[in-house]
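J.: Handing you a structure now.
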Amino acid sequence: MRITTLLFTTTFAALIGGCDGSVADDGDQLICSAQLAHVGTTVLEAQPVGISGCWPVGTWTFTTTVTANACGSTPMPLAQYQIKIERDLAAEEPDHTFIYSYLTDPADTTAAVSVTSGGGGECEGEVLLFSPDGRKVWNMHPALQADGSLTGIGDYEEHSTSQIPL
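Positions 642 to 807 (my numbering) are the ones given, in order, by the sequence shown.
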């Protein structure tokens, strides 16, 4: 618990320190940021025999709360987020190639979802969401635990320019 608290405090201090109004090389200015925490559940497909490590296939559902805020007003997360990871059965390696879907709003063309091995055989998701103008960014990292639950951290940022990748 102490290591987690230290990591969170150090990370938040670094983010707050970065909110000094300095302008990056590309002209972007970080206006403010907030820290997020995630909790949730999964409904996972059975892991195939012979496959070990991160197995994210299934539906992940989580909620997000703001745990620290350096913005003028508190960012308002949605009531719930949901992503789906499926095996790409058409791929050469269907057990290791995945299709990612953002079920919360399938029409959101700026949403980016991915999953990586989080170490120790667990998986860490990344859900990256942008406001329509690209200036508000939700960077969420739900982490799959051995018991099928989700926990994790993330951050919210407001910028002076669009952050949507071209």
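Even for Gly, the Cβ is constructed at its ideal location relative to N, Cα and C. Bear in mind that the values here come from a model prediction, so they are computed numbers and not experimental data.
Measuring only the C-alpha atoms, how far is Tyr-741 from Gly-766?
T.: Locating residue 741 in the sequence shown gives position 100, counting from the first residue. Locating residue 766 in the sequence shown gives position 125, counting from the first residue. Cα-Cα distance, rounded: 10 Å.
J.: If you measure from the CB of Cys-764, is any heavy atom of the ligand NAD nearer than 7 Å?
T.: In the structure shown, the ligand NAD is absent, as is every other ligand, since no ligand is present at all.
J.: Since Pro-697 contacts Val-754 with CB under 8 Å, what's their CB separation in whole angstroms?
T.: The residue labelled residue 697 in the question sits at position 56 within the sequence shown. The residue labelled residue 754 in the question sits at position 113 within the sequence shown. In fact, because the Cβ distance is near 10 Å, the residues do not count as touching under 8 Å.
J.: What three-state label does DSSP hand Val-664 in the structure shown?
T.: Residue mapping note: residue 664 aligns to position 23 of the sequence shown, counting from 1. Only weak support exists for where Val-664 lies, its pLDDT of 38 falling under 50; the value from the coordinates is given anyway. Of the three classes helix, strand and coil, the one that applies to Val-664 here is strand, per DSSP.
J.: Can you find the residues in the same chain that come closer than 7 Å, C-beta to C-beta, to Gln-786, ignoring five residues on each side of it along the sequence?
T.: Here the question's residue 786 lines up with position 145 in the sequence shown. Cβ neighbours of Gln-786 beyond the five flanking positions: Glu-763 and Thr-792.
J.: Inspect the beta-carbon positions of Cys-695 and Ser-758 and report whether they are closer than 8 Å.
T.: Your numbering for residue 695 matches position 54 in the sequence shown. Your numbering for residue 758 matches position 117 in the sequence shown. Yes. Within cutoff.
J.: On the CB-based measure, 16 or more other CB atoms within 10 Å of its CB, does Thr-738 come out buried or exposed?
T.: For the purposes of this step, residue 738 is taken as the residue at position 97 of the sequence shown. With fewer than 16 Cβ atoms within 10 Å of its Cβ, Thr-738 is classed as exposed.
J.: Which residues does DSSP pair with Arg-776 in a beta bridge?
T.: Counting from one through the sequence shown, the residue named residue 776 turns up at place 135. Checking the DSSP bridge columns, you'll see Arg-776 has no partner listed.
J.: Does the separation of the CB atoms of Ala-732 and Asn-710 fall below 8 Å?
T.: Working through the sequence shown from its first residue, we reach residue 732 at position 91. Working through the sequence shown from its first residue, we reach residue 710 at position 69. No.
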